[in-house]
Amino acid sequence: MIADLTRGILESFLPIGVVDILMPLLGIFIVVNVLLGSAIMLTYAERRLVARMQNRIGPNRVGPFGLLQGAADLLKLVTKEDLTPRAADRPVFLLAPVLFFAPAIALFAVVPFFRGWAVADLDAGIVYVIAVTSVSSLAAFAAGWASNNKYSLYGAVRGVAQLVSYEVPLILAVTSVILLSGSLNLQKIVEAQGIPFILVQPIGFLIMLVAVTAELNRTPFDINEAESEIVAGFHTEYTGTKFALIYGAEYVAALGWSAVIVTLFLGGWKPDIGGLIWFGLKTSAVVFLFFWFRGTWPRVRIDQMLALAWKLLFPLATINILVTAAEVLAAQALFSLEPGEALPVIALAVIAVVNIGLTVAVLALLSRVPGLARFDTQLAASAPARG
Amino acid sequence: MDESGKYWAIAAMGVAAVLVPVSLMVFSALLSRVRIRPVTPPDQEPRFQRMTYESGMVPTGTANVQFNFRFYLFALLFVIFDVEVIFLLPWAARFLTLGWVAFLGMALFLILVLVGFLYEWKKEALEWQR
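First to last, the protein sequences are chains A and B. To convert, note that position 291 of the first sequence is 291 in this note's numbering; the numbers rise steadily by one, no gaps. To convert, note that position 7 of the second sequence is 1007 in this note's numbering; the numbers rise steadily by one, no gaps.
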């Protein structure tokens, strides 16, 4: 709608060929700028929210309510002296922040912001998302290795192990959504959601949420930058502008993954009223969830982190795919659908009811598995009885 | 927009994505030209200014050491299962059309993968400590 209007205005004084080239560039310009602005605001928002959760006030001095804190921090970091350790591998050390930042922004090329509009509405959109985000493991390792610092190296190898382990359940959770929608195109996945897929695919959503938290290195999976163990992990040696880039990239990536979760599970731009408002609200809600995790959970150990990925999420996600495929076939038989016909809302609703039941059963079952039980009940069992 | 136009848009987005961090770094480098950002000349540099950080101690040895071999094991696991996962994507995208035959084929494949996975589990390849 807005896109058509802009196009009309541009076409009134420019040849159509030029407008065809100009329109995507204009879109990219707006998307990138909005992203950078929201990343700066998110650093402030996280500090304020986590402060409230910890019964503190948080930054409230720069500007009204401290709103300009993010901008002030950026200004401070950019004007700091550029220090590269003498032992560092200079070219790779310089390259790593770019490797962090670029994929986080490039991810937004396929995210559908409105009905029928994304920067590039690729048919293999979700494959592009997976491909682009996997660069971050390379960046973490480049940063850790090039710093030539022991803390950085520990952070880097931990980070790579984590990113790589959680990529498998993540893609498997995405696959269960693709099964239901029958398309790799993000726009078509949104259109297929007569009911948001969080209801149809609750286990897939939970797996995706855990895996994305790990991919973003956010608490409880921040073992690669664990400040109480290894100083700052892979970015120990980074200062000034380069640190600002790494720090900002984490927030841009958090926004990007939240947008992908919203697209896959929460119905994307639906309901189609008010344009970007719904999409923005849902994305903010998911980002808030990550902040909330940080305010709530302690950090996991590396063996717990790997055990969670390989012993729980991977088999669960694989079985989930088989169950979902069987349900799709059953729905096709039950509602006598033609092969290739999209699942109607009523079929999705039936699958949703079955899957929510299954999820409750699985969660009830998992809480009885030794080692996965709640921490406090374990403590209570192991503590000596008091007389 | 036709398909090739989309890939041009992707390329433009990629260029923009690289340009943002690079331009910020260039900008802050220019700030030191106009003396807003401090620069220490190499001959006046304090001895410890660009030393590797090691909690305030003088660093011992290099950091390019061999790390725990278990990390390799998990990298290997990742390669195996990621290939499996890539195999799943085209199947899932066309599943609504393919029907029962595809389901049985993929179920067989996934069960084989899961059996291999259980074997690895049994062999304690997934344990951090043994």
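Glycine is no exception: its CB is placed at the ideal position from the N, C-alpha and C atoms.
In this structure, the alpha-carbon of A:Gly233 lies about 13 Å from that of A:Ala146.
Taking C-beta atoms as the reference points, B:Ile1010 and A:Val119 count as a pair closer than 9 Å.
When only Cα atoms are considered, B:Val1113 and A:Val362 end up about 22 Å apart. Taking 8 Å as the upper bound for CB-CB distance, A:Leu14 and A:Pro112 are not in contact here, some 26 Å apart.
Note on B:Trp1091: 16 or more other CB atoms within 10 angstroms of its CB, so buried under the neighbour-count rule. B:Phe1069 sits in coil when the DSSP states are folded into three classes, being neither helix nor strand.
Close partners of B:Glu1124 in chain A (Cβ separation under 9 Å) are lacking, with about 12 Å as the shortest Cβ gap. Within the DSSP secondary-structure output, A:Phe114 pairs in a beta bridge with A:Trp117. Taking a cut-off of 8 Å on C-beta distances, the stretch 1032-1046 of chain B does not touch the stretch 1084-1104 of chain B, as fewer than three cross pairs fall below it. Counting only Cβ-Cβ distances below 8 Å, B:Gly1105 has no contacts in chain A at all, with the closest Cβ about 11 Å away. Taking a beta-carbon distance threshold of 9 Å, B:Tyr1007 counts as an interface residue toward chain A.
Residue ranges of uninterrupted alpha helix (DSSP H) with 4 or more members, entirely inside the stretch 146-217 of chain A and ordered along the chain, are 150-181, 186-191, 197-200 and 202-215.
Straight through space, the alpha carbons of A:Leu49 and A:Pro298 are spaced by roughly 17 Å. Note that the C-beta distance between A:Ala140 and A:Phe108 is not below 9 Å. Comparing alpha carbon positions, the residue from A:Thr324, A:Leu348, A:Gly17 and A:Glu227 closest to A:Ala173 is A:Thr324. The straight-line gap separating the alpha-carbon atoms of A:Gln332 and A:Ala347 is approximately 8 Å. In this chain, the alpha helix (DSSP H) harbouring A:Ala102 covers Arg90 to Ala106. As for any beta strand (DSSP E) of minimum length 3 sitting wholly inside the stretch 13-56 of chain A, there is none. Listed along chain A are Asp303, each with a C-beta nearer than 8 Å to that of B:Gln1129.
A direct Cα-Cα distance of roughly 27 Å separates B:Ser1004 from B:Phe1095. Shown here, A:Asp222 sits in coil according to DSSP, grouped into three states, outside any helix or strand. Within the stretch 1017-1041 of chain B, there are no complete beta strand (DSSP E) runs of at least 3 residues. When secondary structure is reduced to three states using DSSP, B:Leu1077 falls in the helix class. According to the DSSP assignment, B:Met1106 belongs to the alpha helix (DSSP H) that extends over Trp1100 to Lys1122. Distance from the CA atom of B:Val1015 to the CA atom of A:Arg368, rounded to whole angstroms, is 51 Å.
Around the CB of A:Lys76, fewer than 16 other CB atoms lie within 10 Å, so the residue is classed as exposed. DSSP places A:Arg299 outside both helix and strand once states are collapsed to three, so it counts as coil. Not flagged as an interface residue toward chain B: A:Lys270, since no C-beta distance is shorter than 9 Å.
For A:Pro339, the chain B residues whose Cβ falls inside 8 Å of its Cβ are Leu1096, Thr1097, Leu1098 and Gly1099, in order along the chain. Secondary structure note for A:Lys76: its alpha helix (DSSP H) is the uninterrupted segment Gln69 to Val78. Comparing C-alpha distances from B:Ala1125 to each of B:Thr1097, B:Leu1108, B:Ala1075 and B:Val1101 shows the shortest one belongs to B:Ala1075. The Cβ atoms of A:Phe197 and A:Gly267 sit closer than 9 Å to each other.
Taking C-beta atoms under 8 Å as the contact rule, A:Ile321 and A:Ser176 qualify, at a distance of about 5 Å. Ranked by Cα distance from A:Tyr151, the first of B:Val1026, B:Glu1054, B:Ser1028 and B:Met1013 is B:Glu1054.
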